[in-house]
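J.: Okay, handing you the structure first.
Chains as they are written, first to last, in the working numbering: chain A, 1 to 437; chain B, 1001 to 1080.
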C-alpha cells in the first residue's frame, strides 16, 4: 500500500491516455509484494517515494531535484545523470535517483531474453522503472544509488554485451531506423553505418571533449522514421541520384483501382475512387510529375526526393538504383535561439564500407567546432554565428546551389582574395587598357 | 609539439588552483585555451589520463560536462 497520499497525481489518471502515475503505482505494489523474493539493492520504497516527491513538487509548484553530479562509471564521462532529492529525510527512497542511459540496439531490435535480463537487473539494482526509450533513443533506466553504478556497468558489459550511452558534452548514443532489415525504401544500410560510427567514435561517446552535446542520427530515406533532420546535429538521410523506377503497368493498376493506394493504409474509410491527379501529381512539391495518355513521366532533375509519390504507389514507383546519403548539419531543439532543422551540407555521398569519406567529413566538422565553438554552443549555433560557408571551407566542400535555402536579403558579397582570379594585385595599366578615365 | 604529460598536468593543476576561490568546475575549452598550439584531442588525452589517475573528476548536468579536482566543490559524496 502506497505510503503517501497523492490526490493531485491521482487526478492525472482520469484522462483518456495511459498514465505514468498508474504505471508507477503498479510498480509500487509489485515491489512491496515482491513475489520473486528479490533481495532489492536499493530501497523497495523507491517508486513510492518518487510519487510522494512528485506530489510535493505539484503542491509547492517547484522541483525538489538537485541538478547534476556524478556522471558515469570509472573512466567514463557520461552515461549516468546524477539526481539527488532535496528532501532525503522525508523521501529516503529517492535520496539518490540517478538515471542510467544504455545503448539501444540498432533499429530497436530486441530479443526477449535481453529484455528479461535488463528487467531483472533493474529490479535488483534499480527502481524497476524504465523509459523505453528516451528522447535521444537510449534505453533509460530511472533511479538507482551511487554504489550500484559499477555493479550495473559490470553486468551490462560482461553479461549482456552492452554499453552505457552518451550524456553530457559527448557524442550521444547514435540512433537509426530499421533500414534495409525490413524496409524497401532504405537507400543505405543505416544500421551498419550507425554501428560502424558508434564503434569508431567510442572515445567521443564516453569521454567528453565537445563544447556541448552532439547527436548522430541515421534515416534510410527521406521519409525520416527517426526524424534525423530535426533531432540530430549531424543527420544522415538516404537518397539516390539516378531516376525513380517506374512500372507503368502498376501505375495503370493503381489508376484502375486494382491496387489499393498507400499500400492499403487509410482503408478504414471510403475516400472514393483513386485520383492520381489529386493524390500524386498535384501534391508533388517541385511539380515534376506528369500523367498523360496513361503514362506517368517524372522529370528527375527537378525531383526533390520527398517520396510522396512512392508512398502513394509503392508497387509502381521505386527508389533509384544509384543510392547513397545526404548529410545535414545543425539541427537542435529551442534552448537558445529557437529550434533549427539541419542544413544540407553534403548533397550526395556513397555509403559504402569502410565509410572513410563520411568519417573524414565528421572529423573535419568536429575539429572546427571543438576549436571555434563556445561552451554550451551546439554546432547549429556555431554555424549561425560564423556562417555556413565556414563549414564548407573547413570540410573542403564545394559550394553548390543546393546549399542555398533562399535568395540573399542583402546585395553585398564579400570576396576573399584567394577567391578572385589574380587576387587583389592588378595593375592600373591593365585596367586602363579596357576602361577609359 | 607533443604534450609532455607531467608538464601539462602541472599546468592544468596550477590553473585550477589559481581559480579555486571562484570556481571548482571547468569546461573542456578552459583547458584547450591553456595549450593554444595543441590539438583538442591531445588535450583530451591528458585530461582522460588525469581522470584515470583520479586527480580530476567529471561533473555533469546531463547536458553538459565539466571537470574539477577530485574532492573540490560540491560532489556526490558531499551531497549524501
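Ideal placement from N, C-alpha and C gives every residue a C-beta, glycine not left out.
Using a Cβ cut-off of 8 Å (strictly closer), state whether residue 1023(B) contacts chain A.
T.: Your numbering for residue 1023(B) matches position 23 in the second chain. Chain A contact via Cβ: absent.
J.: So is residue 1048(B) in contact with chain A if we call contact Cβ pairs under 8 Å?
T.: Position 48 of the second chain, counting from 1, holds the residue named residue 1048(B). Yes - at least one Cβ of chain A is within 8 Å of the one on residue 1048(B).
J.: Going along the chain, which residues of the segment 355-387 of chain A sit with their C-beta nearer than 9 Å to a C-beta in chain B?
T.: Of all residues in the segment 355-387 of chain A, 366, 367, 370, 371, 373, 374, 375, 376 have a Cβ within less than 9 Å of some Cβ in chain B.
J.: Relative to the C-alpha of residue 51(A), which residue among 89(A), 42(A), 66(A), 8(A) is closest?
T.: Position 51 of the first chain, counting from 1, holds the residue named residue 51(A). Ranking the options by Cα distance to residue 51(A), first place goes to 8(A).
J.: Taking the beta strand (DSSP E) that residue 145(A) belongs to, which residues open and close that run?
T.: Here residue 145(A) corresponds to residue number 145 of the first chain, with the count starting at 1. Neither: residue 145(A) is in no beta strand (DSSP E) and is coded neither H nor E.
J.: On the three-pair Cβ rule with 8 Å, is the segment 209-222 of chain A touching the segment 231-244 of chain A?
T.: Counting Cβ pairs under 8 Å, three or more are found: they touch.
J.: Would you check if the segment 329-337 of chain A and the segment 378-386 of chain A touch, i.e. whether three or more CB-CB distances between them fall below 8 Å?
T.: Contact holds: three or more Cβ-Cβ distances are below 8 Å.
J.: Between which two residues does the alpha helix (DSSP H) harbouring residue 56(A) extend?
T.: Mapped onto the first chain, residue 56(A) falls at position 56. Looking at the DSSP string, the run of the alpha helix (DSSP H) that includes residue 56(A) is 46-60.
J.: Where does residue 435(A) land, buried or exposed, given buried means 16+ other C-beta within 10 angstroms?
T.: Mapped onto the first chain, residue 435(A) falls at position 435. With fewer than 16 other Cβ atoms within 10 Å, it is exposed.
J.: Are the segment 174-184 of chain A and the segment 121-129 of chain A touching by the rule of at least three beta carbon pairs closer than 8 Å?
T.: They do not touch, by the three-pair rule.
J.: Measure the C-alpha to C-alpha separation of residue 343(A) and residue 222(A) and round it to an integer number of angstroms.
T.: Looking up residue 343(A) in the first chain gives position 343. Looking up residue 222(A) in the first chain gives position 222. Their Cα atoms are separated by approximately 14 Å.
J.: May I ask which residues mark the beginning and end of the beta strand (DSSP E) holding residue 1035(B)?
T.: Counted from its first residue, the second chain places residue 1035(B) at position 35. Per DSSP, residue 1035(B) belongs to no beta strand (DSSP E) and is neither H nor E.
J.: Secondary structure at residue 239(A), three-state DSSP: helix, strand or coil?
T.: In the first chain, the residue the question calls residue 239(A) occupies position 239. It is a strand residue.
J.: So is residue 368(A) buried or exposed if we call it buried at 16+ other beta carbons inside 10 Å?
T.: Translated into positions along the first chain, residue 368(A) becomes position 368. By the 10 Å Cβ count, residue 368(A) comes out buried.
J.: Have a look at residue 172(A) and residue 103(A) and give me their C-alpha separation to the nearest angstrom.
T.: Along the first chain, read from residue 1 onward, the residue named residue 172(A) stands at position 172. Along the first chain, read from residue 1 onward, the residue named residue 103(A) stands at position 103. Roughly 9 Å between the two C-alpha positions.
J.: Just the C-alpha distance for residue 1032(B) and residue 1073(B), rounded to the nearest angstrom, thanks.
T.: If you number the second chain from 1, residue 1032(B) lands on position 32. If you number the second chain from 1, residue 1073(B) lands on position 73. Each residue's Cα considered, the two are about 22 Å apart.
J.: For the segment 202-213 of chain A, enumerate the residues whose C-beta is nearer than 7 Å to any C-beta of chain B, in chain order.
T.: Within the segment 202-213 of chain A, the residues whose Cβ lies closer than 7 Å to some Cβ of chain B are 207, 208, 209, 211, 212, 213, listed in chain order.
J.: Would you be able to state if there are at least three C-beta pairs under 8 Å between the segment 190-207 of chain A and the segment 72-79 of chain A?
T.: In short, these stretches touch, since the Cβ pair count reaches three.
J.: The alpha helix (DSSP H) spanning residue 228(A) covers which residue range?
T.: Position 228 of the first chain, counted from the first residue, corresponds to residue 228(A). That run of the alpha helix (DSSP H) goes 228-231.
J.: Using a Cβ-Cβ distance under 8 Å, would residue 169(A) count as near chain B?
T.: Position 169 of the first chain holds residue 169(A). Yes, contact with chain B.
J.: Since residue 994(B) and residue 167(A) are thought to touch, with beta carbons under 8 Å apart, how far apart are those beta carbons, to the nearest angstrom?
T.: Chain B is shown only over 1001 to 1080; residue 994(B) falls outside these bounds and no answer can be derived.
J.: Can you have a look at residue 1034(B) and say buried or exposed, based on whether 16 or more other CB atoms are within 10 angstroms of its CB?
T.: Translated into the one-based positions of the second chain, residue 1034(B) becomes position 34. Answer is exposed; the Cβ neighbour count stays below 16.
J.: Quick one: residues in its chain with C-beta nearer than 8 Å to the C-beta of residue 136(A), no 5 flanking neighbours on either side, listed in chain order?
T.: Start at 1 with the first residue of the first chain, and residue 136(A) comes out as number 136. These residues qualify, in order along the chain: 101, 165, 166, 172, 173, 175, 215.
J.: Counting only beta-carbon separations shorter than 8 Å, does residue 1069(B) have a partner in chain A?
T.: Stepping through the second chain from its first residue, residue 1069(B) is reached at position 69. Judged by the 8 Å Cβ criterion, residue 1069(B) is not in contact with chain A.
J.: What residues of chain B sit near residue 24(A), judged by a beta carbon separation below 8 Å?
T.: In the first chain, the residue the question calls residue 24(A) occupies position 24. None at all; the shortest Cβ gap to chain B is about 21 Å.
J.: Using the beta-carbon of each residue, which ones in chain B are nearer than 7 Å to residue 72(A)?
T.: Start at 1 with the first residue of the first chain, and residue 72(A) comes out as number 72. Here the neighbours are 1058.
J.: Please indicate yes or no: does the CB of residue 186(A) lie closer than 7 Å to some heavy atom of the ligand ATP?
T.: As presented, the structure is devoid of all ligands, the ligand ATP included, so that no description of it is given.
J.: In chain order, what residues of the segment 1027-1043 of chain B put their CB closer than 7 Å to some CB of chain A?
T.: Per Cβ criterion, the list reads 1027, 1028, 1029, 1040.
J.: Excluding five sequence neighbours on each side, which residues of the same chain lie with their C-beta closer than 6 Å to the C-beta of residue 291(A)?
T.: Here residue 291(A) is taken as the residue at index 291 of the first chain, counted from 1. Around residue 291(A): 276, 281.
J.: Tell me the DSSP bridge mates of residue 324(A)?
T.: The sequence position of residue 324(A) within the first chain is 324, counting from 1. For residue 324(A), which the question treats as bridged, DSSP gives the partners 239(A).
J.: Could you tell me the boundaries of the beta strand (DSSP E) in which residue 1067(B) lies?
T.: Taking the first residue of the second chain as position 1, residue 1067(B) is located at position 67. Here the beta strand (DSSP E) through residue 1067(B) covers 1065-1069.
J.: Examine chain A for any beta-carbon lying closer than 8 Å to the beta-carbon of residue 1002(B), and answer yes or no.
T.: Here residue 1002(B) refers to the residue found at position 2 of the second chain. No, residue 1002(B) does not count as interfacial toward chain A.
J.: Pair every Cβ in the segment 289-308 of chain A with every Cβ in the segment 345-364 of chain A, then say whether three or more of these pairs are closer than 8 Å.
T.: Verdict: no, contact absent.
J.: Within 10 Å of its beta-carbon, does residue 420(A) have 16 or more other beta-carbons around it, so buried, or fewer, so exposed?
T.: For the purposes of this step, residue 420(A) is taken as residue 420 along the first chain, with counting starting at 1. Residue 420(A) comes out exposed.
J.: How long is the line joining the alpha carbons of residue 161(A) and residue 150(A), rounded to whole angstroms?
T.: As a position in the first chain, residue 161(A) is number 161, starting the count at 1. As a position in the first chain, residue 150(A) is number 150, starting the count at 1. If you take the alpha carbons of residue 161(A) and residue 150(A), they lie about 15 Å apart.
J.: DSSP three-state label for residue 40(A), please.
T.: For this step, residue 40(A) is matched to residue 40 along the first chain. Coil, per DSSP.
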